[in-house]
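Colleague: Got a structure for you, written out below as structure tokens; questions coming shortly.
Residue numbers (our numbering), protein chains in the order written: chain C, -5 to 88; chain B, 756 to 1067.
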């Protein structure tokens, strides 16, 4: 089973159209292996990006260097998945 | 939160558990619920639909409402909401006056696991999987986005032609048996009055079009009904939804389910994007399954009631 240790989900909320354009360009960078949970649509709609651990640094540098505001929505994806799995197993035992 | 079979609606379940529970539901409500198979997935899993009907089999089909959940496999809250909703329909029939009136003259079809291969894959291999599991010729990347695979603006800029993209539209319209089976079913039925496709997450209720900028001919009625539905939803737990046409509410999306249903005569075509707490994305904790389903229910019944009262 694929694991997502250290992957983070970043939430970008911007009111600038040029940021949306940059986020679309970022999506095209196949080497970063980004997974857009919520795609860049238009200003004031959140953009959620799952960033694999190895790509975290370059992605954060990209966002910060362009002044694109972001928050960390999920600190470690695998932790959430472990909790989810544990809850399912517990429910099944019950 | 348990049915008589001991099924726990407040936890996530595998496809085997859901399919088994569907059989239990049919057994518990034999005069209302039946299970039909509309096709099979790429990996040969059955595509099951629950049929809620109080009518006898007739040569012409009764007016019907189509609901599907989980076409994007990783959006687990949708399949879970589908299970809860199926149970709600079965248990509220005869108690809820509006639902009972609807089922007196109409049928409801509910496909809970609309992308079974993807769903099984999210449980066994990759929790993040969204697409189907079909092979793409000439690419090492698998799967097609089944919500870009419909023959409505297919292949436009609101989808990707890259098989590695999460929004890959596929080689041709209805290349995926998961979408083709629904389209064949709806066309073969010929009397589907509403189609509701349920996704997560973004808290939106949308209607056609996604593939073009112009308003749908029924835009005003669809918009008014959407407002009523999201108001009813918000009244339960205070969850706020936005609403409008797909193009104007979120972005251009080509080849999507509800544009195809609308273009094929299903006037009341809607798509939901269920809860987003801003903390979990589509990894919504199981503790939110029941609140999410509970608040979605009045929005669904608002739409179904309107469809029932406005035959066309």
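By construction, the Cβ of each residue, glycine as well, lies at the ideal position given by its N, Cα and C atoms.
Please compile the residues from chain B whose C-beta is within a distance smaller than 8 Å of the C-beta of residue 41 of chain C.
Modeller: Looking up residue 41 of chain C in the first chain gives position 47. Simply none; closest approach about 11 Å.
Colleague: Leaving out the 5 sequence neighbours to the left and right, which residues in its chain are closer than 8 Å to residue 1051 of chain B when beta-carbon positions are compared?
Modeller: Counted from its first residue, the second chain places residue 1051 of chain B at position 296. For residue 1051 of chain B, where only same-chain residues beyond five positions count, the Cβ hits under 8 Å are 836, 840, 953, 988, 1027 and 1029.
Colleague: Is there a C-beta anywhere in chain B that falls below 8 Å from the one on residue 4 of chain C?
Modeller: Counting from one through the first chain, the residue named residue 4 of chain C turns up at place 10. No, its Cβ sits nowhere closer than 8 Å to a Cβ of chain B.
Colleague: Which term fits residue 756 of chain B, buried or exposed, when burial requires 16 or more other beta carbons within 10 angstroms of its beta carbon?
Modeller: The residue you call residue 756 of chain B lines up with position 1 of the second chain. Confidence at residue 756 of chain B is low in this model, with a pLDDT of 46, below 50, so the placement of that residue should be treated as unreliable; the coordinate-derived value is given next. By the 10 Å Cβ count, residue 756 of chain B comes out exposed.
Colleague: Less than 8 Å between CB atoms is the rule here; does residue 38 of chain C satisfy it with respect to chain B?
Modeller: Indexing the first chain from 1 puts residue 38 of chain C at position 44. False, the Cβ-Cβ gap to chain B never drops below 8 Å.
Colleague: Taking only runs that begin and end inside the stretch 0 to 70 of chain C, name each unbroken beta strand (DSSP E) of 3 or more residues, in chain order.
Modeller: 2 to 6, 29 to 32, 41 to 45 and 64 to 68
Colleague: Within a Cβ cutoff of 6 Å, which residues of the same chain sit near residue 818 of chain B, ignoring the five residues on either side of it in sequence?
Modeller: Taking the first residue of the second chain as position 1, residue 818 of chain B is located at position 63. Cβ contact annotation for residue 818 of chain B (same chain, cutoff 6 Å, sequence separation greater than five): 861, 946 and 948, in chain order.
Colleague: Contact between the stretch 769 to 788 of chain B and the stretch 891 to 898 of chain B is defined here as three or more beta-carbon pairs at a separation below 8 Å; is this criterion met?
Modeller: With a cut-off of 8 Å on Cβ pairs, the stretch 769 to 788 of chain B is not in contact with the stretch 891 to 898 of chain B, counting fewer than three such pairs.
Colleague: Sorted by chain position, which residues of the same chain lie with C-beta nearer than 7 Å to residue 1018 of chain B's C-beta, five sequence neighbours on each side aside?
Modeller: The residue given as residue 1018 of chain B occupies position 263 in the second chain. Same-chain partners within the cutoff: 907.
Colleague: Tell me the rounded alpha-carbon separation between residue 76 of chain C and residue 1034 of chain B.
Modeller: Taking the first residue of the first chain as 1, we reach residue 76 of chain C at position 82. Taking the first residue of the second chain as 1, we reach residue 1034 of chain B at position 279. C-alpha separation (whole angstroms): 16 Å.
Colleague: Going along chain C, which residues have a C-beta under 8 Å from residue 879 of chain B?
Modeller: For the purposes of this step, residue 879 of chain B is identified with residue 124 of the second chain, where counting begins at 1. Within 8 Å Cβ-Cβ: -5.
Colleague: Got a sec: is the Cβ-Cβ distance from residue 55 of chain C to anything in chain B below 8 Å?
Modeller: Indexing the first chain from 1 puts residue 55 of chain C at position 61. Taking Cβ atoms only, chain B never reaches closer than 8 Å to residue 55 of chain C, which makes this a no.
Colleague: Could you tell me the boundaries of the alpha helix (DSSP H) in which residue 850 of chain B lies?
Modeller: Along the second chain, one-based indexing puts residue 850 of chain B at 95. Here residue 850 of chain B belongs to no alpha helix (DSSP H), and DSSP marks it neither H nor E.
Colleague: Could you check what DSSP says for residue 1021 of chain B in three-state terms: helix, strand or coil?
Modeller: The residue you call residue 1021 of chain B lines up with position 266 of the second chain. Residue state, collapsed to three classes: coil.
Colleague: Could you tell me whether the Cβ of residue 756 of chain B comes closer than 8 Å to any Cβ of chain C?
Modeller: One-based indexing of the second chain puts residue 756 of chain B at position 1. The predicted position of residue 756 of chain B is uncertain, since its pLDDT is 46 and thus under 50; a value taken from the coordinates is nonetheless stated next. Residue 756 of chain B does not count as touching chain C.
Colleague: Comparing the C-beta of residue 25 of chain C with each C-beta of chain B, is any distance below 8 Å?
Modeller: Indexing the first chain from 1 puts residue 25 of chain C at position 31. No, residue 25 of chain C lies away from the interface with chain B (no Cβ there is under 8 Å from its Cβ).
Colleague: Do residue 902 of chain B and residue 930 of chain B count as a contact pair if the criterion is CB distance below 8 Å?
Modeller: Translated into the one-based positions of the second chain, residue 930 of chain B becomes position 175. Translated into the one-based positions of the second chain, residue 902 of chain B becomes position 147. No. Outside cutoff.
Colleague: With a threshold of 8 Å between beta-carbons, can residue 30 of chain C be considered close to chain B, or not?
Modeller: To locate residue 30 of chain C, count along the first chain from 1; it is residue 36. True, the Cβ-Cβ gap to chain B drops below 8 Å.
Colleague: Kindly indicate which residue of B/868, B/981, B/933 and B/831 has the alpha-carbon position closest to the one of residue 997 of chain B.
Modeller: Within the second chain, numbered from 1, the residue matching residue 997 of chain B stands at position 242. For residue 997 of chain B, the closest C-alpha among the options B/868, B/981, B/933 and B/831 is that of B/981.
Colleague: Any beta carbon of chain C sitting closer than 8 Å to that of residue 940 of chain B?
Modeller: As a first step, residue 940 of chain B is located in the second chain; it is residue number 185 there, counting from the start. Cβ-Cβ to chain C under 8 Å: no for residue 940 of chain B.
Colleague: Tell me where the beta strand (DSSP E) around residue 998 of chain B begins and ends.
Modeller: Translated into positions along the second chain, residue 998 of chain B becomes position 243. Residues 997 to 1000.
Colleague: Is residue 1005 of chain B close to chain C, meaning its C-beta is less than 8 Å from at least one C-beta of that chain?
Modeller: In the second chain, counting from the first residue as 1, residue 1005 of chain B sits at position 250. Chain C, which has a Cβ nearer than 8 Å to the Cβ of residue 1005 of chain B, makes this yes.
Colleague: Anything in the stretch 953 to 967 of chain B with a Cβ closer than 9 Å to a Cβ of chain C? List those residues in chain order, please.
Modeller: So the list reads 956 and 957, given in the order they occur along the chain.
Colleague: What are the start and end residues of the alpha helix (DSSP H) that includes residue 772 of chain B?
Modeller: Position 17 of the second chain, counting from 1, holds the residue named residue 772 of chain B. Taken as a continuous stretch (DSSP letters only), the alpha helix (DSSP H) holding residue 772 of chain B covers 770 to 783.
Colleague: Could you confirm whether any beta carbon from chain C is found closer than 8 Å to the beta carbon of residue 766 of chain B?
Modeller: Numbered from 1 along the second chain, position 11 holds the residue referred to as residue 766 of chain B. So, interface residue.
Colleague: Got a sec: is the Cβ-Cβ distance from residue 929 of chain B to anything in chain C below 8 Å?
Modeller: Taking the first residue of the second chain as position 1, residue 929 of chain B is located at position 174. It does not: the Cβ of residue 929 of chain B has no partner Cβ on chain C nearer than 8 Å.
Colleague: Using a cut-off of 8 Å between C-beta atoms, extract the partners of residue 1038 of chain B located in chain C.
Modeller: The residue given as residue 1038 of chain B occupies position 283 in the second chain. Listed along chain C are 68, 71, 74, 75 and 78, each with a C-beta nearer than 8 Å to that of residue 1038 of chain B.
Colleague: At least one CB of chain C closer than 8 Å to the CB of residue 798 of chain B: is that the case?
Modeller: The sequence position of residue 798 of chain B within the second chain is 43, counting from 1. For residue 798 of chain B, the answer is no, since every Cβ of chain C falls outside 8 Å of its Cβ.
Colleague: In terms of residues, what are the limits of the alpha helix (DSSP H) holding residue 1082 of chain B?
Modeller: Outside the displayed range of chain B (756 to 1067) lies residue 1082 of chain B, so it cannot be described from this structure.
Colleague: To the nearest angstrom, report how far apart residue 999 of chain B and residue 52 of chain C are at their CA atoms.
Modeller: Start at 1 with the first residue of the second chain, and residue 999 of chain B comes out as number 244. Start at 1 with the first residue of the first chain, and residue 52 of chain C comes out as number 58. Near 36 Å, if we compare the C-alpha coordinates of residue 52 of chain C and residue 999 of chain B.
Colleague: Taking buried to mean at least 16 other C-beta atoms within 10 Å of its own C-beta, is residue 916 of chain B buried or exposed?
Modeller: Position 161 of the second chain, counted from the start, is the residue given in the question as residue 916 of chain B. Around the Cβ of residue 916 of chain B, a 10 Å sphere holds fewer than 16 other Cβ atoms; the residue is exposed.
Colleague: Given a limit of 9 Å on CB to CB distance, which residues of the stretch 770 to 787 of chain B reach chain C?
Modeller: 772
Colleague: Taking only runs of the beta strand (DSSP E) that begin and end inside the stretch 890 to 977 of chain B, which ones reach a length of at least 3 residues, in chain order?
Modeller: 947 to 955 and 959 to 962
Colleague: What residues from the stretch 973 to 998 of chain B come within 7 Å of chain C, judged by C-beta to C-beta, listed N to C?
Modeller: Listed by position along the chain: nothing, the set is empty.
Colleague: Please classify residue 88 of chain C: does DSSP put it in a helix, a strand, or coil?
Modeller: By one-based count along the first chain, residue 88 of chain C stands at place 94. The answer is coil: DSSP assigns residue 88 of chain C none of H, G, I, E or B.
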